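In the working numbering, the protein residues as written are 900 to 1002.
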């Protein structure tokens, strides 16, 4: 799946017991996407390349993401077209929306 767009910015208040983040893609049957659930969040960094606020748009889509081990659990870095989000947490899970069934 490519060109996922961020549904909303993650909360930056830490530490946090956790939160969900949605990455959306457009399909003929409506918006489908990926739900990421982070638990025991200790760090959230949202950095735009130009120093301005992160812009939620179709243009600023996900290009790459990487999950790495961290002493508190894991680090998840999401690289968008013009910004990067990095989340450090105890654990994360990912769940794709089910595809619509043909009628």
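Using N, Cα and C, we set each Cβ at its ideal position, and we do this for glycine too.
Note that the structure is predicted; figures quoted are calculated from it, not measured.
- When secondary structure is reduced to three states using DSSP, residue 972 falls in the strand class.
- Here residue 963 is exposed, its C-beta having fewer than 16 other C-beta atoms within 10 Å.
- In this model, residue 980 and residue 958 are separated by some 7 Å (Cα to Cα).
- Fully contained in the region 930-974 is no alpha helix (DSSP H) run of length 4 or more.
- In the displayed model, residue 912 falls within coil according to three-state DSSP, outside both helix and strand.
- The beta carbon of residue 918 sits closer than 7 Å to the beta carbons of 909, 910, 937 and 940 from its chain, once the five residues preceding and following it are set aside; these are given in chain order.
- Per the coordinates, the alpha-carbon of residue 988 lies some 22 Å from the alpha-carbon of residue 923.
- The continuous beta strand (DSSP E) containing residue 993 extends over residues 982-995.
- Close CB contacts of residue 947 within its chain, under the 7 Å cut and outside five residues either way in sequence, are with 953, 981 and 982 (chain order).
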